[in-house]
Every structure is written in C-alpha cells, then in structure tokens.
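**Student:**
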Amino acid sequence: MPETKKENHITEVIENVKVSEGVWHITVKAPKLAQAAKPGQFVQVLVEGAGLLLRRPLGIAGADAEQGTVELFYRVLGKGTAKLTGYRAGDSLSILGPLGHGFDTSAGNVLIVGGGMGLAPTKFLAERLEHCEALLGGRNAGELFWTKYYEPATEAMHITTDDGSMGTKGFTVAVLPELLATGKYDRVAVCGPEIMMKKTFEICREQGVPCEVSLEKRMACGLGACLSCNIDSTDGRRLHVCQDGPVFRGEEVFA
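Just so it is clear: in the sequence shown, position 3 is 0 by the numbering used here, and no numbers are missing.
1) Whose CA, out of Leu50, Leu55, Ile200 and Glu203, lies closest to the CA of alanine 117?
2) What would DSSP say about glutamate 248, mapped onto helix, strand or coil?
3) Would you call the region 36 to 49 and the region 91 to 111 touching, i.e. three or more CB-CB distances under 8 Å?
4) Would you identify the three-state DSSP class for glutamine 240, choosing helix, strand or coil?
5) Grab me the residues of isoleucine 7's own chain with a C-beta within less than 7 Å of its C-beta, minus the 5 sequence neighbours each way, in chain order.
6) Would you identify the three-state DSSP class for cysteine 208, choosing helix, strand or coil?
7) Report the rounded CA-to-CA distance for valine 238 versus glutamate 213, giving the unit in angstroms.
8) Just verifying my parser: in three-state terms, what is the DSSP assignment at aspartate 101?
9) Secondary structure at proline 174, three-state DSSP: helix, strand or coil?
10) Output the boundary residues of the alpha helix (DSSP H) element that contains proline 149.
11) Should lysine 196 be labelled buried (16 or more other beta-carbon atoms within 10 Å of its own) or exposed?
12) Residues bridged to aspartate 61 by DSSP?
13) Among Asp229, Ala104, Val187 and Glu63, whose alpha-carbon lies nearest the alpha-carbon of valine 210?
14) With distances taken Cα to Cα, identify the nearest neighbour of alanine 27 among Arg235, Ala60, Gly46 and Leu49.
15) Alpha carbon to alpha carbon, what distance is there between serine 162 and isoleucine 109?
16) Looking at glycine 115 and glycine 135, is the spacing between their C-beta atoms short of 8 Å?
17) Leaving out five residues before and five after valine 20 in sequence, what residues of the same chain have Cβ atoms less than 6 Å from its Cβ?
18) How should asparagine 13 be labelled, buried or exposed, when 16 other C-beta atoms within 10 angstroms of its C-beta is the threshold for buried?
19) State the Cα-Cα distance for the pair threonine 151 and aspartate 183, rounded to the nearest angstrom.
20) Taking the alpha carbon of threonine 24 as the point to measure from, which residue in Gly48, Ile57, Leu236 and Glu249 has its own alpha carbon closest?
21) Which residue from Gly105, Gly46 and Lys3 puts its Cα closest to that of threonine 82?
22) Using 10 angstroms around the beta-carbon of lysine 120, count the other beta-carbons present and answer buried if the total reaches 16, otherwise exposed.
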C-alpha cells in the first residue's frame, strides 16, 4: 500500500456552523491538503486551549482543489469538540493529514450506505464518483439533514428512519436486499455503526456484490505508533485502522 503523505497544515477557518443538534460543519482554507485528500481518508485536528494533548480524528467530508478548501463534520462529544465550536472565520487551526487509506473511486455504479456521522466521509466519496446512489439511514428525520449535501452528488437517494418520520420506516439494511437485487450496482461503500456495516457486508456477500467498509476506532496518534486502533483481520493479520484503513474490503475485517 502506498505511503500516505502526512503533513501538518496551519489552516484558516472559513466557516464553522451548527447544522443539527450537536453536529457542526467546519470549512477551512488548506490548499495543499485539498489537493492531496482522497475520499475515506481522515485528519487529526489540534484544538488549542482544550487542555488536551491528543488531536481529534475527523473524516474528510469534502475537498475542493480549485478553491483550496476542506470540509469536516463533527459531533460535540467532549471537551475538544466543544472547544472547536468556538472557532470563528479567520482563526487558525492545526490539521495533520491526509491520513489513512480511502475508498475505491474507479469507474462503476456505486451504492453508498451510511448512517450517523459515517455520512461525512461518504459525502466526499459521492462527490468524486461518476455514478452513485445513496442509502441514508437515521433514527428520525432530524438526523437526515445530510440529504441536502448528498442530493447534488447522487443520482438517487433512498431514505430510511427508525421511526418512519422520513422515507421508509425501518433500519437501513432492511431495504438493502431489494436494492441489490436490481443488479445495477458494481460495488457498495459503507460507513456508520459497526453493526450496520457488518450486516451490510453480509448482505452484499450473499448477493455477490463487493463491499468496502470504513471502520471507526479510537485513534490516539493517527500514525500507527500508539497501537490503540489495532484490530485482527479475518486471516490473522494485525492491522492498524489508522494506516491500513480506515477503509477495508469487508472480507478483511468481517467473518
């Protein structure tokens, strides 16, 4: 696997806005990062003044090489992300990246499956694919603010909510077999809760459709040095999610 070029970028915040309850969207000026970033990769963000030594890992949600901008989404979960909401346009933000191994962006018709904050990196993927559809899931309509970001980049969107407040009532994987049975997809790319990704892979395997999964693990350094994100592959290898992933072929990590 090619070595990822890791670089610390002192970026300028362009916009940092709340898009849903507890979820924020930040855009930064980072020309070199925007040129290098690939869908599925992530960055490590240093939040100054939060009293924390470690950076926060965030999936890259978009990169515009012409504008030199990079997009990130984050959910407020602790001191670091709470402090990040205070950054304003013109502030400097230290970002290390791009890190990790991303999604396959070669030709083909791709079905993107996502839920929760897993919809951030797959948004970037949708923007880089020539042909794709998206299957988006959430607990309720309020969690699916993502549709406005996916609509310009996808040929069709399929929506599920647990409570039926938007789209089809039920879990995301409930409608997946029917979609795959059409035979129109060359591969599936999924990011979200692990139980959803595992079930998605199992359904894809049953129907003979290749599936890539993007794992989320606690990453202290993001460089493969701390070993906090180690996992066992299905063939007995020891993998670093931060370097060997976060994107893997489903059969590498799910039995």
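Using N, Cα and C, we set each Cβ at its ideal position, and we do this for glycine too.
**Tutor:** On the basis of the supplied data:
1) Indexing the sequence shown from 1 puts residue 117 at position 120. For the residues Leu50, Leu55, Ile200 and Glu203, the minimum Cα distance to alanine 117 belongs to Leu55.
2) The residue you call residue 248 lines up with position 251 of the sequence shown. Three-state result, glutamate 248: helix.
3) yes
4) For the purposes of this step, residue 240 is identified with residue 243 of the sequence shown, where counting begins at 1. Glutamine 240: helix per DSSP, three-state reduction.
5) Counting from one through the sequence shown, the residue named residue 7 turns up at place 10. Taken in chain order, the residues that qualify are Ser89 and Ser91.
6) Start at 1 with the first residue of the sequence shown, and residue 208 comes out as number 211. It is a strand residue.
7) On the sequence shown, position 241 is the one that residue 238 refers to. On the sequence shown, position 216 is the one that residue 213 refers to. For valine 238 and glutamate 213, the distance between alpha carbons rounds to 8 Å.
8) Indexing the sequence shown from 1 puts residue 101 at position 104. Coil, per DSSP.
9) In the sequence shown, the residue the question calls residue 174 occupies position 177. Correct three-state label for proline 174: helix.
10) Start at 1 with the first residue of the sequence shown, and residue 149 comes out as number 152. Unbroken run through proline 149: none, as it is neither H nor E.
11) Within the sequence shown, residue 196 is the residue found at index 199, counting from 1. Buried, because 16 or more other Cβ atoms sit within 10 Å of the Cβ of lysine 196.
12) For the purposes of this step, residue 61 is taken as the residue at position 64 of the sequence shown. According to DSSP, which records beta bridges pairwise, aspartate 61 is partnered with Thr66.
13) Counting from 1 along the sequence shown, the entry for residue 210 is found at position 213. Nearest option by C-alpha distance: Val187.
14) Working through the sequence shown from its first residue, we reach residue 27 at position 30. Per the Cα distances, Ala60.
15) Working through the sequence shown from its first residue, we reach residue 109 at position 112. Working through the sequence shown from its first residue, we reach residue 162 at position 165. Going from the Cα of isoleucine 109 to the Cα of serine 162 covers about 21 Å.
16) Walking along the sequence shown from the start, residue 135 turns up at place 138. Walking along the sequence shown from the start, residue 115 turns up at place 118. It is not a contact, given that the beta carbons lie outside the stated cut-off.
17) Locating residue 20 in the sequence shown gives position 23, counting from the first residue. Closer than 6 Å at the Cβ level, and outside the excluded window around valine 20, lie Arg72.
18) The residue given as residue 13 occupies position 16 in the sequence shown. Buried is the call here.
19) Counting from one through the sequence shown, the residue named residue 151 turns up at place 154. Counting from one through the sequence shown, the residue named residue 183 turns up at place 186. Approximately 15 Å, taken between the alpha carbons.
20) What you label residue 24 is simply residue 27 of the sequence shown in a count that begins at 1. With distances taken between Cα atoms, threonine 24 lies closest to Ile57.
21) Taking the first residue of the sequence shown as 1, we reach residue 82 at position 85. Nearest option by C-alpha distance: Gly46.
22) Working through the sequence shown from its first residue, we reach residue 120 at position 123. Lysine 120 comes out buried.
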